[in-house]
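Under numbering that gives the first Met the number 0, the first residue of the sequence shown carries the number 0, and numbering increases by one thereafter.
All C-beta atoms in this analysis are idealised placements derived from N, C-alpha and C, irrespective of residue type, glycine included.
This report refers to the structure that appears directly beneath it.
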Amino acid sequence: MRHGKKVVAAKSKVDKRKLYDITEAVKLMKEVKFAKFNETIEVTVKVVHKSLQNVRGAVTLPNGTGKDVRVLVICKGDKQKEAKEAGADFVGADDVIEKIKGGWLDFDAVVATPDMMKEVGKLGPILGRKGLMPKPKAGTVTDDVKGIVKELKGGRVEYKADKTGVIHLGVGKISFEDNKIEENVKAFFSQVVKDKPSDAKGNYIKSVHICSTMGPGIKINHKGL
Numbered sequence: 000m001r002h003g004k005k006v007v008a009a010k011s012k013v014d015k016r017k018l019y020d021i022t023e024a025v026k027l028m029k030e031v032k033f034a035k036f037n038e039t040i041e042v043t044v045k046v047v048h049k050s051l052q053n054v055r056g057a058v059t060l061p062n063g064t065g066k067d068v069r070v071l072v073i074c075k076g077d078k079q080k081e082a083k084e085a086g087a088d089f090v091g092a093d094d095v096i097e098k099i100k101g102g103w104l105d106f107d108a109v110v111a112t113p114d115m116m117k118e119v120g121k122l123g124p125i126l127g128r129k130g131l132m133p134k135p136k137a138g139t140v141t142d143d144v145k146g147i148v149k150e151l152k153g154g155r156v157e158y159k160a161d162k163t164g165v166i167h168l169g170v171g172k173i174s175f176e177d178n179k180i181e182e183n184v185k186a187f188f189s190q191v192v193k194d195k196p197s198d199a200k201g202n203y204i205k206s207v208h209i210c211s212t213m214g215p216g217i218k219i220n221h222k223g224l
């Protein structure tokens with residue numbers, strides 16, 4: 000596959016044999032940027048574990064993702080007022096459940112109170128496919144509506160390893176200040192380490208790369224994070 004001149008030029012500035020420290024990697028990533036839009040910064044972490052389905056978790060990025068997260072809260076009574084005051088974009092109960100059944104999916108995260116999960120559970124085939132199903136382990140099935148909405152609006156994101164053992168996560172925008180990108184990367188990496196499955200042995204994390212949407216991957220010395 001042939002690449003354009005800009006792609007080739009960007010790749011030529013990255014030494015694939017080198018492990019860059021995070022500060023150096025962020026600066027290089029911005030130097031080789033050639034896209035004209037505000038690219039998303041993605042971190043990929045390669046993990047080694049016998050059951051990759053168990054490699055998952057959530058992290059609150061200290062500087063947010065740079066994206067406006069549209070939060071839907073499915074609840075009743077006083078919880079609806081609480082959700083609205085916390086900044087939820089959409090709030091409802093049986094009405095929004097029916098709306099979702101009809102194909103409405105104009106939101107990025109879903110929170111549900113425990114008393115609504117019997118009905119919300121029926122949306123599994125729809126929300127599960129999009130990775131939007133509320134889960135107790137992820138903190139999105141809760142009575143603390145105010146707390147979780149603020150976290151989601153403030154930069155809380157879920158992650159999980161794919162079938163090849165790679166975790167992909169957007170950690171900000173190329174327009175972020177260097178130190179804010181570094182803080183987000185470190186927060187994500189620390190959470191992955193913290194969420195290490197109890198039965199994982201040896202070198203659990205194999206490699207860490209950072210890149211912008213269109214830019215080349217830059218390998219980070221993750222032992223220095």
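Three-way DSSP call (helix, strand, coil) for residue i in this model
{"i": "G153", "result": "helix"}
{"i": "K218", "result": "strand"}
{"i": "K134", "result": "coil"}
{"i": "L51", "result": "helix"}
{"i": "K172", "result": "strand"}
{"i": "E181", "result": "helix"}
{"i": "K12", "result": "coil"}
{"i": "S197", "result": "coil"}
{"i": "K45", "result": "strand"}
{"i": "K66", "result": "coil"}
Paired residues, beta bridge with residue i - DSSP
{"i": "A57", "result": "E157"}
{"i": "Y19", "result": "I219"}
{"i": "L71", "result": "F89 and V109"}
{"i": "T39", "result": "K172"}
{"i": "V31", "result": "Paired residue(s): none; V31 is not in a bridge."}
{"i": "V6", "result": "None; V6 has no bridge partner."}
{"i": "I166", "result": "V44 and A160"}
Anticipated Cβ contact below 8 Å, residue i with residue j, distance rounded
{"i": "I204", "j": "V191", "result": "7 Å"}
{"i": "V72", "j": "V148", "result": "6 Å"}
{"i": "R55", "j": "A160", "result": "7 Å"}
{"i": "V109", "j": "T139", "result": "7 Å"}
{"i": "I173", "j": "E38", "result": "4 Å"}
Closer than 7 Å: residue i CB and nearest the ligand PLP heavy atom
{"i": "L18", "result": "The ligand PLP is not part of this structure, which contains no ligands at all."}
Alpha-carbon spacing of residue i relative to residue j, whole angstroms
{"i": "D198", "j": "G101", "result": "42 Å"}
{"i": "Q52", "j": "G123", "result": "18 Å"}
{"i": "F187", "j": "V170", "result": "8 Å"}
{"i": "V156", "j": "S11", "result": "33 Å"}
{"i": "V68", "j": "L126", "result": "16 Å"}
{"i": "T112", "j": "L224", "result": "37 Å"}
{"i": "Y19", "j": "K121", "result": "47 Å"}
{"i": "D77", "j": "K145", "result": "12 Å"}
{"i": "T43", "j": "H221", "result": "11 Å"}
{"i": "S63", "j": "L151", "result": "Contrary to the premise, residue 63 reads as Gly rather than Ser in this sequence. Spanning the two alpha carbons is a distance of roughly 9 Å."}
Extent of the continuous alpha helix (DSSP H) to which residue i belongs
{"i": "I96", "result": "D93 to K100"}
{"i": "G123", "result": "G123 to L126"}
Boundaries of the beta strand (DSSP E) in which residue i is found, first to last residue
{"i": "V140", "result": "Here V140 belongs to no beta strand (DSSP E), and DSSP marks it neither H nor E."}
{"i": "K205", "result": "I204 to S211"}
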